[in-house]
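The UniProt record's numbering applies: residue 1 is where the sequence shown begins, and numbers increase by one.
Heads up, the beta-carbon is just placed ideally off N, CA and C, and yes, glycines get one too.
Comments concern the structure below.
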Amino acid sequence: MVILLLVYTPTYSHAVEIAEGKVTAKALNIRSGPGLSYDKVDVVYKGEYVSIQVTDDMPYETGEADGYVWEYVLTPNGIYGYCAIKYLEISGP
């Protein structure tokens, strides 16, 4: 018997990279929304990079929640989600 678990992760047609972030935490959870109560959709590890994205049709505003500032990112695995920027070394424009 095979059980398939699907997690909905929204993707947006107009997402554009505005910066790059190098993960500084041992493991950084990527979530479906900007806060700790949202489902974990991916994990990115120390030394890996995420692409910080911006789009005009995002359902959530980036900003503060649960004591962190959150940004919308694209992971090396091709997953879109949100992460706390406290654990990123940001470079780019």
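Test item: CB-CB of Lys-40 and Thr-24 under 8 Å: Their beta carbons are not under 8 Å apart, which means Lys-40 does not touch Thr-24 by this criterion.
Through-space distance from Tyr-72 to Cys-83, alpha-carbon basis: 7 Å
Cβ shell of Glu-89 (< 7 Å), same chain only, five flanking positions each side left out: Gly-21, Lys-22, Thr-24
Secondary structure of residue 94, DSSP reduced to three states: With the chain represented from 1 up to 93, any question about residue 94 goes unanswered, as that position is not in the structure.
Distance between beta carbons of Ile-18 and Gly-92, contact taken as under 8 Å: 7 Å
Cut-off 7 Å between Cβ atoms - residues of its own chain near Tyr-87, not counting five sequence neighbours on either side: Answer for Tyr-87: Val-23, Thr-24, Ala-25, Leu-28, listed in chain order.
Collapsed DSSP secondary structure at Leu-4 in the structure displayed: In this predicted model, Leu-4 has a pLDDT of only 48, less than 50, meaning its place in the structure is not dependable enough to derive any value.
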